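Residue numbers (my numbering), protein chains in the order written: chain A, 165 to 701; chain B, 597 to 1083; chain C, 2 to 116; chain D, 17 to 697; chain E, 7 to 185. Note that beta-carbon positions come from the ideal geometry of N, C-alpha and C, so glycine has one too. Owing to the predicted nature of the structure, the values given are computational and were not obtained by experimental measurement. Since the structure comes first, as structure tokens, the remarks are kept for the end.
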Amino acid sequence: MYLLSVITFLPLLGVLGLFLLPESKAKSVKQTALVVSVLTFLVSLLVLFKFDGGSYAFQVSENHPWITQLGISYHLGIDGISLWLVLLTTFLSVIAVACSMKVDNRVRAFMACLLMLESAMLGSFLSLDLVLFFIFFEMTLLPMWLLINIWGGPNKGHAANKFLIYTFAGSIFMLVGIISLGYLQFKTTGKLTFDIVLIQEQVAQGKLWANALQAEPFIFWAFAIALLVKTPAFPFHTWIPDTYAESPIAGPILSSVMVKMGTYGLLRFCLPLFPDALPHQIPYLVTLAVIGIVYGAILAAIQPDMRRVMAYSSLSHMGFVLLGIFSLTKIGMLGGAFQQLNHGITATILFLLIGYLYQRRGTTLFKDFGGIKAQMPIFATLFLIAMLSSLGLPGTNGFVGEFLALLGGFQAAYANQFSMGLIVVAVFGVVLAAVYMLYMFQRVFYGKITQEENKGLLDLTGTEIALAGILVVFIFWGGLAPNTFMRPMENSINATLKMSTAAPGFRPSWSEEYAVEAKKHSAPTTPRLAMNMRIQP
Amino acid sequence: MDKAFHFAIPSIEWAALLPILIVALTGIVTFVVEMFRPKNDNNLIVGISIGGLIVAGFALFMQMEQPSYATAGDLMQRDAFGTAMQWILILGSALTILFSESYLREKRIPFGEFYPLVLWSTVGAMIMATTTSLLMIFLGLEILSVSLYVMAGMSRSEEKSEESALKYFLLGAFASGFLLYGIAFVYGATGSLDLDFVGAIWSHRTEATKPMMLIGLAMMLIGLGFKSSLVPFHQWTPDVYQGSPTNVTAFMATVSKVGAFAALYRVLTAFALMGEYWIPVLTVVAILTMFVGNFAALVQKDVKRILGYSSVANAGYVLIALLAHAKDYRLGNNTIIYFLLSYTLMTAGAFAIVSLVAKNGKEGTRLEDLNGMWRRSPFAAVALLVCMASLIGIPPTAGFVGKFLIFFDALRTDQMLLAIVLALNSVISVYYYLAIARAAFVTDSQESETRMVKMTPGLASVCTICVAGIFGIALFYSPVATFFAAK
Amino acid sequence: MNGVPLAAYIGLGMIMFTTGVVGVIIRRNPIVIFMCIELMLNSVNLTFLTFARYQMAARSSDALGMQNSLMAGQMMVIFVMAVAAAEVAVGLGIIMAIYRLRDSVDIDELNLLRG
Amino acid sequence: MNYESIWLVLLFPIVGFLIQAFLGTRIEKMFGRRALGAIAVLPIALSFAVGLMITLSTKGGPEESAKIATFGNWINAANLKIPFEFIVDPLSMTMVLIITGIGALIHLYATGYMSEEKDYARFFTYMNLFIASMLVLVLGANLVLLFVGWEGVGLCSYLLIGFWYKDIANAKAANKAFIVNRIGDWGLTLGLFLIVALLMKTNGMAGDGRFLSYDSMLPALKTGLQQNPGMATAIALLLFVGAAGKSAQFPLYLWLPDAMAGPTPVSALIHAATMVTSGVVLLNRMHIVFEMSPIASAIVCGIGAFTALFAALIAFGQTDIKKVLAYSTVSQLGFMFIACGAGAYWAGMFHVTTHAFFKALLFLGAGAVIHAMGHNQDMRNYGNLRKYLPITFWTMILGTLAICAVGIPGVFGFAGFYSKEAILGGALANTHAQIQGIQVGQIAGWVGLGVAALTSIYMTRLTCLTFLGSEERWRKIPVSHEHDHEDDTHHALDGNHTPKEVSPSMWIPLVVLAILSVGGGFVLANGGAFEKWLYPNELPVLGKISTEPNNIPLALYSTIAAVGGILLGLAFYLKGLPKNQGWNEAEWSPLRRAERDQFGFDRAMTVATVEGGGDIANGLWKWFDVGIVDGIVEGAGKVSGGIGMVLKRWQSGYIRLYALMMLLGFVSFIGYFAFVIKGGH
Amino acid sequence: MNQSIGGVAITPELLLFGAVAGAATLCAIGVVAFNNAIRSALCLVVNFFLLAFLYFTLNAEMLGITQVVVYTGAIMVLFLFVIMLLNLGGLSLLVERRDPKKYLGILLGCGMFVLLGSQLLPQLVSVNAKTLDPEMAKFGGPEAIGRTLFTTYVYPFEAVSILLLIGIVGSIMLAKRRI
């Protein structure tokens, strides 16, 4: 059953297809790209039917040995955490391709970059082998670099390099971490492998770190920093304003998925693999998250450029996600995981709309706008809805995610995991969100029209409305029926939580899903039971 | 043996010797052909050379399954490492020859003698790679170098070319002087030119021999470090790389470097026993090499110069693997072979594409001279992008796997410091590799036609081989590794 | 020639080698530099022959080993001479080529390539 | 009608909202404004009818007075469950009737008032949405649903204040309203979190996971808080922050006066009758928490009393008729909080009800005046309007008497009389709201009495300046500032402008409300009907709450305050605008000027938050983010380049130097070796 | 005469060696020191002669002869030839300007010498030449060398042929008229 491989590599095949077409046939190139992305989305929908939310095991999985000498295997699988991210990726890729039909130079390369990005992101969400993950993780760099560098704004060169070098600098140390993890596994079991299922099995039984406890925090941070850079979290965020401000509009849309690779990685690797180091690092991580929330919001309020506002607002929003994840409470992690999706949707629709404005006016600076509500009422309404979801108004998806994430954080603080003050501040971030969002809305839409060019602005066309409308549907769906999305996650989240907080021997492990299911009903686990777990190849 | 010095004719395993002989003879044949052919049409010569190299490559299969042994009076050592190295060397010179013709023609220096020289100097490298005798290492080194001196000065109308030739020659001779002196001391201590004795002698060393061997090693390190451009013996590298004709530079960067590292590998393996003395030194050298190479490359404007410094940096990376090998003899072999192979592919490809910029006897190798390549010859631009990605180490390219292996070896031999330095340096290196990629693939320029030639079949084939190789040996690492690790 | 300690020959070799090295560094005339390199090579040859003769590492029991080691030094010297010849041919060729190109061979003027 | 059909009440406004949103403009084009107006009013009226029927059916014994109707799940996270559930009990139904009833009237009024506006459909879209969310707020059976409505009404108020968005000032006012409310929500959110965390810790409830649903939460809280009363104070105060934000208590009242930028019906509905009272509703819902914390109650009382006084004083400095009413609203809200603090929760709700009647009336009246006077809101322009606007005049007189709480004790009183009586009585009688023995509650009661007098004065001032006196003022003043909608349909106010009495669609609501303000209090109060209906049995903690302070002749005092205030007012303003309150504000007494400027409070806050915050943010961005955080990143690049340049210089190009370097390297090698050989072995 | 310095007996051989070595050293220094390239070359020639003599003292007769033939006979002639060919006042007297790197070079040279000497020589003072039986003593003779060169060392011998070929081709390439 090669479903996941198909999903992952369909876009790459699409790239090959594109290069069979002549550069001159821009129109057909665009259509091909669109078809490919839509096809990928449809195929990815099949996963929904195959997926069984009742278990946290990796499903639909494929496991083939790849580089046997180095213990690298081609292991794909999907669980509650990655399920929605995969669908989000394929879905938003369609949007990204569809919204860049107006590109006119080097179209083939452009579409190729989009599709390559899609493949890479899908791969990193699906891969269960550390090295495989890293490979896909890094494969996103070059296409994004090209997107910014060729089709970007005036300061593109600098922004592109900054993006690539910054993220590369983060991840190269993760590579060191990955390798040392594999080496530890080798030392523990005598068998070299980077398969997280097997590694986590050792972790669960407390064997892996048994004689490397002092190394654990360092390896943990090697992972964490790489992923925090991608997320981005507070001190590592400075690449994102330049990137958003300079890249073509499809860039931020896809990078609003790409940043999820960071939080996803934290959920998938940093929590289950470093349970002993985790508790001591949580306060620092939460502090970073909260600083990110407030700091991002404050800086977003005074940016002169809509896209920069969006950049800092993602810093703020991802802060909520991180807070939820690192609260290490079911509610919080569920909220965090859900907030990932919400941010994906919300940020995308905002970028989409800003993009439409950019296509019409060629600028996104506030000083060039004001009072355009009169010209573009529909646009204004859609923007308003997206904005409300982004500032977490109840009834929109943003509220559910933030509410749960913060509640989880509060619980953790109430249990003295970290200072209560952090949460009090974090909640205030919601107020600040209102500040910068409303201020942006006011500066763009309210008042009299000052610029002559804006007098002639046309409202959205049918297709544009449709494109944005689909996303709006999800805003309310997520807001009014969040269980649709949270139910399938719940088991995986619970498992991840147990993996990262339980004592050695009491930690569940992916390979022992059914044993754990059994344990749930039977008496509480004894260490012996955990130790006796059969190691599956 | 009744009387002294009545040595018997040594037995010679032709299977082991064959590849070297074939290459050498191909050189002679091409030389002869060159004499009797009309000028300005070297395609036949190119054909013969490539053919010869391919045959030599196949000849290597004959020794695939053989065990390790020494032949030709113990002056020639056949083992898996040597075989692998010969393959890489043959690949390197084949790639060089493939794209040379069009380049030399554009540059108006279509010497037919170029090809025999390339082949012979490949022979030199092959000799270095397949011996444990210091004599043969020295000879091979000289065969390699002398022909390189000539080729470096091949473009005689260019002051830069001549200058680079003289620099290379004088410094090279200087360095080989040290190498020889070192060999002399090792010979004095061990009474033999064969590295196999080193270990034995060291294990019962005397007050007299101990310093002789150490200092001898230090001197040999200068000779070999010069060839493989380790700091502080690297300074010729950027200058010579920039001055010499691009195809010669490619040859230097691939064949001569691989040969030098093969020799270094032999020597350090032999001296592994006294690692406690020299491993710290080489660790420092490795760190310096990486940092100097990368930092200096940051501020360069000339593509060939950038690649020169990058080859300095890469020497540092390989040195890590060598150190790992010296610490634990089971490690490092694969890494060195794989890294050098990938490095050959990337570098040869890069220089081949840079050679596009030569037209009508003029050649500009500044970054901005690459602008608009994506318009003039898109495939070359893409190939360059791939090569750069691989040099950076972005997966799924050979460069990534190579770095991965080095990290792995470094960590398995507890050389955390080197691992971290390597990580830092790969970050630094990103900047200038991207600069090249950007110049070729991103920046546009209307008059690129005046500067650049279009793709030629030879060049196209080089690009294809390199791109295919860069992805191939990464995605199919297992078969490749098993192939090279074979006896 | 008994009675002369090994140190004497090696010492002479060192002196010549050092002189050569210093010459390479302090002279501006490439031909002279080249000659200094020849000087280094010759000191090496001297060292080789000395070690060959003195056989400090050899175990006199093993005749064949002694013979091998005696000859190894000599061979090395022969090949060094051959190499030197080839190098001279090429090296002088390069120097002449440069001289043709720019009527001077002062190596301090040869730094187009730097930085 | 059965309580489960409560969903109908919610359905109608939502449907109305959807119709207005998607078909509004089309309908307007096809069938004209009257049709659209009718479609806007109808749903509200319908849900009023349904609500009324449900209310009548829920009359009955206290035990089944609270019913929960559940309509499926909303959020299930781990062991926390938040279903869509709605509560039907006296409190919610009271509010439902107020909201839908008064809402319907105001919609009707608005059809007339807004008839000359452009975006007619947009207006009613927002209005219907407001009704819907307000209903969710009061009907939601758990705090999260309350929060949904809470923020929903906030959104609508934001949209309606900014209805005339072309004037950037309105946009700013809208932002201010939303953001200040968010500050309140910050407290409310933390309150919710604290409750959940507490209950999850001390799992003192039937663990069906509905931690925030009133029916399971309140009893659990009672037991849970008895263990640690400190928590009670914390939760109570956090909730009160939320309430203060919505109900415009000091210091969060700031947004309400600016909110008058919205159309007058909006001010009447949202900023007088319904939304601003939701704080009081919240306190009534959560009264158990407050009962358990005297300190919190004391603070509530104190803030309430201070707000009442503060706002009443400010009202004197206002010349804009709507501003006067706005501050009077703030002041009246203060009264309600005094009641809640003192434990007389029913009195608070009672005042909510009566206040809804007369304040809506007053606003609509003011709206009529403004409408007639070409959207000119400055009372100094009015005068002698009773001649032109008789209906408005008489209805507003009644409203004024109601707010002034005029009445003959024991015989008959206007609506405000009974509620204010109850509040002051409750405050003076209570011993609950106290901090270390200081009877904050009773002090608040006395303050309230004084404020009652002030109320009478400034209301009289308003009436006199508007309807009595001479026409001279607006006869000869130039055109003053106005809302500028493009293609301004309002003929500006100038000398030969003749105000016309408003159309029936606008005066019918006035009359209805007038009747309510006159008789409403009498009906609801007689025999303590309202109290019995709202709190059939004693409070769980405080037990019986008396509103008759013994040995204080409250009725006498308050009557004196009310009547005296009115007489005083007449004495001052009967003959029209006094010299020292005219256009030349330099002649004003310093006190009045201070009152006009809200004693500098608003300005101070603006400087502190908007400007100060802006500076801080800019500093943070330019200096810290770009300078340091990013500076380190960029700096790393620059440093590397610098090192590169150094190495570049080292690469001198001189053969001899290269040789020298090689020699140097070699010498250091053997130097090291010499060292090692000497050193080791 | 058998007094000794530092444990080394002063023998006639030693004195002779001392004389030759001194001369050789002077010549070597002369090569570096003379400004005039021709003088340097001549010094080098003398130096080579003296080395040849020393080879004889080490019983390497064959190599001594080769040294004279190859070096002084061929290589140095080539040198002189080139020097003459390019002979100009300017070239033959490239006046050394006094610059720091010169002194630094000399300093480092001395440093190297001191280090090498201090590390290697002391242990070698006591080492004396092995006494070889007559068979062995013929190791420097043409026969021994011939036999060895064409048996054990045939492989490098062939390799050198390629090297010389390169030398020839290379010098042609560098010298021939442009095409």
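Flagged as an interface residue toward chain E: B:Gly669, by a C-beta distance shorter than 7 Å. Of the residues A:Gly235, A:Thr204, A:Asn227 and A:Val250, the one whose Cα lies closest to the Cα of A:Val261 is A:Thr204. Residues of chain B whose Cβ lies closer than 8 Å to the Cβ of E:Phe145 are, in chain order, Ala600 and Phe601.
Burial state of B:Ile605 is exposed, judged by a 10 Å Cβ sphere holding fewer than 16 other Cβ atoms.
Under a 10 Å Cβ-count criterion, C:Pro6 is classified as buried, with 16 or more other Cβ atoms of the shown protein chains found around its own Cβ. For D:Ala690, the chain E residues whose C-beta falls within less than 8 Å of its own C-beta are Leu121, Ser124 and Gln125, listed in chain order.
For C:Ile34, the nearest beta carbon of chain E is not closer than 7 Å to its own beta carbon. Shown in chain order are the members of the segment 662-693 of chain D whose Cβ falls below 9 Å from a Cβ of chain E: Tyr670, Arg672, Leu673, Ala675, Leu676, Leu679, Leu680, Phe682, Val683, Ile686, Gly687, Phe689, Ala690 and Ile693. In the DSSP assignment, D:Thr86 falls within the beta strand (DSSP E) that extends over Lys83 to Ala93. Only those residues of the segment 720-743 of chain B whose C-beta falls short of 7 Å from the nearest C-beta of chain E are listed: Ile723, Leu731, Met732, Leu735, Glu738, Ile739, Val742 and Ser743. Taking the Cα of A:Thr528 as reference, the smallest distance to any Cα among A:Gln467, A:Phe337 and A:Gly287 is reached at A:Gln467. Between D:Leu299 and the set D:Cys356, D:Gly320 and D:Leu529, the nearest pair of CA atoms involves D:Cys356. Interface criterion not met: the Cβ of C:Arg54 is under 7 Å from no Cβ in chain D.
Residue pairing by DSSP places A:Leu240 opposite A:Glu226 and A:Ser291 in a beta bridge. Here D:Pro406 carries a helix assignment [DSSP, helix/strand/coil].
Annotation: the continuous beta strand (DSSP E) that includes D:Phe100 extends over Leu96 to Val104. In this structure A:Trp403 is buried. Its beta-carbon is surrounded by 16 or more other beta-carbon atoms within 10 angstroms. The segment 132-164 of chain D is shown to contain no whole beta strand (DSSP E) run of 3 or more residues.
The C-beta of B:Ala1033 comes no closer than 7 Å to any C-beta of chain D. Under the Cβ distance rule, C:Arg115 counts among the residues neighbouring chain D, one pair being separated by less than 7 Å. Within the model, the alpha-carbon separation for A:Ser246 versus A:Lys662 is close to 18 Å. Flagged as an interface residue toward chain C: B:Gln838, by a C-beta distance shorter than 7 Å. Residue B:Leu878 holds the alpha-carbon nearest to the alpha-carbon of D:Phe682 among B:Ala804, B:Phe1080, B:Leu878 and B:Gly784. Taking 7 Å as the CB threshold, B:Leu884 stays off the interface with chain A. Between E:Ser177 and chain C, the shortest Cβ-Cβ separation is below 7 Å. Using a 10 angstroms sphere on the CB of B:Ser788, the tally of other CB atoms reaches 16 or more, which defines it as buried. Residue range Met672 to Arg674 is occupied by the beta strand (DSSP E) that includes B:Arg674. The count of Cβ pairs closer than 8 Å, one atom from the segment 553-560 of chain A and one from the segment 650-667 of chain A, stays below three, leaving the stretches out of contact.
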